[in-house]
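Chemist: Following our numbering from start to finish, the sequence shown increments by one per residue and tops out at 1040.
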Amino acid sequence: MREFIQAVTILLCLLTQSVSSYANKGDKKINHILIVNTYSDANPWSNSLILPIVNLASRHGDMGAYTAHLKMLTLQDTKDFKSYKKKIRKELSNQSPSLIVFIGCASFILCDELNKQWPDIPMLLCGERDYTGPEDCVADGHALSPEMRIPLKSMQGRMNLTLMHASNHIEENIRLMEHMIPKMNKLMYIGDETYICQQNNYDISEVIRNKHPELSYDFISAKDVTTDSLFTILNKVNTQTTGILYTSWFRKQDYKDNTIMVNNSHRIIATSSIPLFSSRTVGIKDATGFVGGYFYDEKAFIKQMLSTIQEILNGKAARNIPFYYAIDGVPTFNYNSLKQLNLDPKRCPKNTVFYNMPPTFWEQYEYIIIICICVIIILMLAFQHHRLLVLKKMKKLQQNELDTATKYYTLINNMPIIYQLEELIKDENGQIVETRFIDVNRQFEEKILRRDKVIGKLGSEIFPQSMTHFLYFMNIALKEKRSVTFSYYSKEDNAFYDIVINAYSDERHMDIFCLDSTELHRAQMQLSSINHKLSMALDIANIVPWKWNLQTHTILCDVNKPIELNHENIGSNEEQLSVPDHMYFAKIHKEDLPKVKKAYADLIAKRTTKVKEEYRVINRINGCKQIDWVEAQAAIESYDEKGEPLTLIGSSLIITERKRMETDLISAKNRAEESNRLKSAFLANMSHEIRTPLNAIVGFSGILASTEEEKEKQEYVSIIENNNALLLQLISDILDLSKIEAGTMEFVNTDFDLNRVMTELESALRLKLSPEKNVELIFESRLPDCHIYAERNRISQIIINLVTNAIKFTDTGSIRFGYEKRGKTLYFYVTDTGCGIPDDKQKDVFGRFVKLNNFAQGTGLGLSICQTLVQHMGGNIGLQSKSGEGSTFWFTLPYTPSTHIRQQEVKTEPIKMKQQKITILIAEDHDSNYRLIESILKKDYNLIHAWNGEEAVAMFKTYAPQLILMDINMPVMNGYEATREIRKLSIQVPIIAVTAFAYASDEQKVMENGFDAYMAKPINANQLKGQITSILKQHIIFM
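Okay, structure coming up:
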């Protein structure tokens, strides 16, 4: 309030000073316009009206304009306002303005006071309403209900006033918002404590209640909400269902005991990302964030306001000027704001006014289009002038053409070429079906027919045989509107003709020229035949001839396109290919390029007479790079007058296959030499390893015959048996290794239960444990159920080798083996508590004939075979060991689960029989082998002998033995076939295979073909007895 009073005081001082000056200067009167602004000096809407008034006053030499900013929001109460009126009466009593302009309807309450101060003073009221009310209500910012409103029309009789009504178009704005937001069900109005915002709030509520009951309504006032809180509210608004209307946002703040107004908040609020509609045009043009609203024409309003002020200043009474209502409102939007806030400009009403709308094509290029039209007109005039000049020249040219045509007719008539002009006869489809002779030349008459017998005749009458052939090409020439050339053979005179057909532009006539080319054609046929033969010969030999022009730097290849010159964008035809020489050298491999360039440079410099080089060229075939070998030979073909070479001639032979064969031969030679070296080393090692046990066998066998002490004999027999077993194992491993090297080792994947196989291996390998050693063999780590698809035989062979090695080097403790599933692999291991392997020896253990302990029995091939088998099956093998603490050998294999449904195992019931001597059927074709078995078993069992497999099957049916020893390799029917036949009769009787096959891998094949056990030759008596006893315990129960 104090700030407001200070502003009024300054205004009154100015007026007082003006009055004093007026008194001092005599009767000279100072005219001025007093502007009473309801709002602050920063209010955009009031400033938009004040500035034109000030400009109008400045155009009058003796006119001034003074503005009083009331800042109604700073009035604390009615008492402040009455004090302010009293101050006005006192301060403004001496100076009368020419006109008082009130801006903002809240200022209308001062009309009575100022009219009392200056009776009948002209007043122009510019405001949002055409009524006022009790000054205490307006001063306190309360809305006026209809019964409280005082129409300004009723005041016009007693006061010299008129009105400029700037409507807020409340109802129109609501309808516009509903149109732009189809799903709108809520209206939020943003305003402050000013009277006009309170009145707008009242009017909006009434409009919604009476005309839009479907809408909910909220009024957000600057009195109750801070600017930050307003942003929080706006961010929570659903823009699809809520429309927001803004008028102003002035806030009061106390500063040093004074109440001040915070201005320009509309610029801050407009930065929100929510579409804001406005009841005034403030910020719409500048794209400050308000999208638009329904507004009156501001320019027309200001123009009318200035016109009214001018009328009053010219002496017209304000009360005689009708009230002006700005009813010409239209929807107004900022185009960019609509786009930024995701509102579709196409939804705007048809009469919408857009600010910042992209210019139309005409608006953007108006001057360019006008200039272009002018240029086109000038060009047309110039073209017309040029056309007239051309027509004159054409007339002259036509005369020249007429003269030339006469000359040409004479030329055609005298030239040594057959010529005929024919009229075309067409069917309804436009196809030529017949011709009529119009003209012929002298050559036609001499070689074919006289003129009088041809002119007017049909073509089919003169040339009935060739007419169809000619019509075909004539239709092509007519359809494609071009000359057509073809060759024709005439049987009548055994001659060849080159025919040229040319259709007239009128498509009614056609020229036909016939050139006798019989001699040329025959020469071409001879040349073509020779070229074809040469081409075939070169093609068969894979040779490409070429010619290098040193002047034009091009290389021409005849007949065939060579592989090293294959390149895009080069000139070519069916018989030759031309390429720049730099492109030729660009195809040569960079390692060969220097020597090729040097060879050709030596030839051009005449340092050599011939070039013969082999080099590689790089080509791309279907996008893939391919390297080929070429053998090029070249010599100088021609020289210039100075003796310098002009052209080189040569050939290129593609020798890729030859080079590949040479490389393969060299590689094969190197492999053969390496293989020979390896075989020599292998044979040397094998000879040493075989001779070692043989030495003991032969030596102790000789001593055994001369030794009489029984204890010494048993010691020698034990030594012979141990070396015999070592020799057999060595031979078995060597044969296994030979199968791997030869690629004949079979790898057959099958579905099997891994747990069952490992359990069987555990039982079988326990038999190899020496009773003298305190060693325990344990199959420990496994999956509950593991059926896999893999090579069962090879996995078993690897486990057997690794466990056998562990048994050799473990004197006490345990040997543990098992497997784990690790991702997509199976991890197998064998762990022992033996002597371990030193770190420096671990890398050598998988080598052939490697024995880290020469005192331990073994061949030195087992681990090498294991490594080869694992690698062949796609796995890895390795070891972890520490000297004195034991070793862990491991290997991995790809995990492939079984794909077949597992069938329930058929359990065989053991044979129940009374206590009696067991009968064993021995199937063996060699008498000496049978006698050995008989000497071992005859004391404990009844033996029957079959000489072949067929006899074994028959004796099984007759004697029903309790166990069978079956030799594999027998005449008539081998052991496999005999076992299959016996299994058809009984699946309970145990069958032990006895075989001389020496491959360690053959044991698995035996076990898969119906046998229950396996015994390799030569037969060990103790092992045979132990195996028979074990098998019988499993299959026979004595009653």
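Think of the CB as a built atom: it goes at the ideal place given N, C-alpha and C, for glycine as much as any other residue.
Just to check my reading of the structure: residue 714 and residue 705 have Cβ atoms closer than 8 Å, yes? What is that Cβ distance to the nearest angstrom?
Modeler: Indeed, because the Cβ distance is near 6 Å, the residues count as touching under 8 Å.
Chemist: Is it a yes or a no for the segment 125-138 touching the segment 153-165, going by three-plus beta-carbon pairs under 8 Å?
Modeler: Counting Cβ pairs under 8 Å, three or more are found: they touch.
Chemist: Under 8 Å between the Cβ atoms of residue 631 and residue 594?
Modeler: Against a cut-off of 8 Å, the Cβ pair of residue 594 and residue 631 comes out as no contact.
Chemist: For residue 190, count neighbouring Cβ atoms within 10 angstroms of its own Cβ and tell me buried if that reaches 16, exposed if not.
Modeler: Residue 190 comes out buried.
Chemist: So, for residue 605: in the same chain, excluding its five sequence neighbours on each side, which residues have a beta-carbon less than 6 Å away from its beta-carbon?
Modeler: The residues are 646.
Chemist: Keeping to the same chain, check which residues put their C-beta closer than 7 Å to that of residue 935; ignore five residues upstream and five downstream.
Modeler: Correct list, in chain order: 944.
Chemist: To the nearest angstrom, how far is it from the Cα of residue 993 to the Cα of residue 843?
Modeler: Computed Cα separation, rounded: 39 Å.
Chemist: From which residue to which residue does the beta strand (DSSP E) around residue 891 run?
Modeler: Residues 887-895.
Chemist: For the candidate residues 586, 543, 635, whose alpha-carbon lies nearest to that of residue 609?
Modeler: Ranking the options by Cα distance to residue 609, first place goes to 635.
Chemist: I want to know whether the segment 322-331 touches the segment 156-166 - three or more CB-CB distances under 8 Å.
Modeler: Touching, per the Cβ criterion.
Chemist: From residue 213 to residue 360, what does the alpha carbon distance come to, in whole angstroms?
Modeler: Going by the C-alpha atoms only, they are around 37 Å apart.
Chemist: Nearest to residue 148 by alpha carbon, out of 139, 142, 134?
Modeler: That would be 134, whose Cα lies nearest to the Cα of residue 148.
Chemist: If we ignore side chains and look at the alpha-carbon of each, how far apart do residue 841 and residue 881 end up?
Modeler: For residue 841 and residue 881, the distance between alpha carbons rounds to 12 Å.
Chemist: Mapping the DSSP letters down to three states, classify residue 116 as helix, strand or coil.
Modeler: The answer is helix: DSSP assigns residue 116 an H, G or I state.
Chemist: Going along the chain, which unbroken runs of the alpha helix (DSSP H) with 4 or more residues stay wholly within the segment 947-1026?
Modeler: For the segment 947-1026, whole alpha helix (DSSP H) runs of length 4 or above, ordered along the chain, are 950-960, 976-986, 1003-1008.
Chemist: Which of helix, strand or coil does DSSP assign to residue 445?
Modeler: DSSP places residue 445 in helix when its eight states are reduced to three.
Chemist: Residue 173 by DSSP, collapsed to three states: which one?
Modeler: It is helical.
Chemist: Using the Cα positions of residue 820 and residue 722, report the straight-line distance between them to the nearest angstrom.
Modeler: Using only the alpha carbons, I get a separation of about 35 Å.
Chemist: In the DSSP assignment, the beta strand (DSSP E) including residue 189 goes from what residue to what residue?
Modeler: Where residue 189 is concerned, the enclosing beta strand (DSSP E) stretches over 187-192.
Chemist: Check whether the segment 170-186 touches the segment 284-298, taking contact to mean three or more Cβ pairs, one atom from each stretch, closer than 8 Å.
Modeler: In short, these stretches touch, since the Cβ pair count reaches three.
Chemist: Residue 615 lies in the beta strand (DSSP E); which residues open and close that run?
Modeler: Element bounds for residue 615: 612-622.
Chemist: In the DSSP assignment, find the alpha helix (DSSP H) that holds residue 137 and state where it starts and stops.
Modeler: Here the alpha helix (DSSP H) through residue 137 covers 136-140.
Chemist: Where does residue 160 land, buried or exposed, given buried means 16+ other C-beta within 10 angstroms?
Modeler: The residue is buried, with at least 16 neighbouring Cβ atoms inside 10 Å.
Chemist: Quick one: residues in its chain with C-beta nearer than 6 Å to the C-beta of residue 220, no 5 flanking neighbours on either side, listed in chain order?
Modeler: Answer for residue 220: 190, 202, listed in chain order.
Chemist: Apart from the five residues on each side of it in sequence, which residues of its chain come closer than 6 Å, Cβ to Cβ, to residue 395?
Modeler: Cβ neighbours of residue 395 beyond the five flanking positions: none.
Chemist: Bridge partners for residue 876 per DSSP, in chain order?
Modeler: Answer is none; residue 876 lacks a bridge partner.
Chemist: On the premise that residue 215 lies in contact with residue 186, defined as a C-beta separation below 8 Å, what is that separation, rounded to the nearest angstrom?
Modeler: About 7 Å separates the two Cβ atoms, so the contact holds.
Chemist: Alpha carbon to alpha carbon, what distance is there between residue 417 and residue 501?
Modeler: The straight-line gap from Cα to Cα measures roughly 15 Å.
Chemist: Taking DSSP as the reference, what is the three-state secondary structure of residue 152?
Modeler: Reduced to three states, the DSSP call for residue 152 is strand.
Chemist: Candidates 460, 206, 718: which alpha carbon is nearest residue 699's?
Modeler: Of the candidates 460, 206, 718, the one whose C-alpha sits nearest the C-alpha of residue 699 is 718.
Chemist: Can the beta-carbon of residue 518 be found closer than 8 Å to that of residue 499?
Modeler: Yes, they are a contact pair.
Chemist: Going by DSSP, what residues sit across from residue 34 in a beta bridge?
Modeler: Residue 34 is bridged to 66, 100.
Chemist: Give the secondary structure of residue 662 by DSSP, where H, G and I count as helix, E and B as strand, and everything else as coil.
Modeler: In the structure shown, residue 662 sits in a helix (DSSP, three-state: H, G or I).
Chemist: Could you pull out every unbroken beta strand (DSSP E) segment of at least 3 residues lying fully inside the segment 411-479, listed in chain order?
Modeler: Taking only runs of at least 3 residues, the beta strand (DSSP E) segments lying wholly in the segment 411-479 are 419-427, 433-441.
Chemist: Going by C-alpha to C-alpha distance, which of 597, 198, 623 sits closest to residue 613?
Modeler: The residue with the shortest Cα to Cα distance from residue 613 is 597.
Chemist: Could you tell me which uninterrupted alpha helix (DSSP H) segments, each at least 4 residues in length, are contained entirely in the segment 505-569, listed from first to last along the chain?
Modeler: As far as the segment 505-569 is concerned, its whole alpha helix (DSSP H) runs of at least 4 residues are 519-542.
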